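Following the UniProt record's numbering, the numbering of the sequence shown begins with 1 at its first residue and continues without gaps. Built from N, CA and C at the ideal position, the CB exists for glycine as well. Please read these numbers as outputs of a predicted model, since none were measured by experiment.
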Amino acid sequence: MEKAKASKSSALLCILEYRNTPVDGLASPAQLLMGRQLRSVLPATASQLQPKTINPQVVTARRQQRQAGQKKYYDRSSRPLPSLKIGDEVFVQLTPDGNWRPARVTAPATCELTMAACTVATGVSSENSQVRTRRSCLRWSNKRNPSHKPQPKDLDWTQTPPGTGDP
């Protein structure tokens with residue numbers, strides 16, 4: 001869309017070309033929906049514009065095959081998150097800005113693993129607030145904040161480095 005805006009061409013033509021572009025070696029979204037290729041600025045023969053049915057089972061099988069392949073490659077490096085117990089010290093990410101706040105698990109997850117949530121008590125204000133969040137937004141704590149980036153120690157130039165004796 002940005003390219004169309006920069007070249008001052010119609011956004012509708014861009015959407016039309018996108019709908020006419022084949023996906024995964026199958027048919028285009030327009031062919032899947034309407035059973036034929038749409039007429040566009042690209043030249044096409046009359047036979048290409050004729051309705052041609054596409055077997056939905058073939059499309060579904062191909063889509064499932066691609067999803068299985070993606071899952072296989074994703075699962076190669078993924079590991080399950082360690083379980084948390086009541087009373088564990090954790091850090092919780094309440095907003096997507098990346099700030100992690102200290103918390104304590106007060107109740108186990110009540111949902112299935114895909115939406116695992118823990119109730120935590122955070123020290124955001126003077127009173128503790130109860131927050132329910134996904135397990136992926138909780139990090140186990142060994143008393144070190146995950147968003148803290150250690151800074152190099154400032155060198156004191158009045159001291160001599162170790163192992164270099166005084167002259």
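Item	Value
Beta bridge counterpart(s) of Gln93 as assigned by DSSP	Trp100
Segment limits, beta strand (DSSP E) that includes Thr133	Ser129 to Arg134
Beta-carbon proximity check, Gln37 vs Gln48, cutoff 8 Å	yes
Limits of the beta strand (DSSP E) - the one that Arg139 falls within	Leu138 to Trp140
Rounded C-alpha distance that separates Gly87 from Gly98	24 Å
Given Arg134 as reference, the closest of Asn142, Ser141 and Leu81 once Cα atoms are compared	Leu81
Through-space distance from Lys8 to Glu2, alpha-carbon basis	10 Å
Between the CA atoms of Met34 and Gln50 - distance to the nearest angstrom	11 Å
Collapsed DSSP secondary structure at Thr106 in the structure displayed	strand
Val23, DSSP secondary structure in three states	coil
Residue range of the alpha helix (DSSP H) that includes Thr60	Pro56 to Ser77
Cut-off 6 Å between Cβ atoms - residues of its own chain near Pro43, not counting five sequence neighbours on either side	none
Outcome for Val105 when other beta-carbon atoms lying within 10 angstroms are tallied against a minimum of 16	buried
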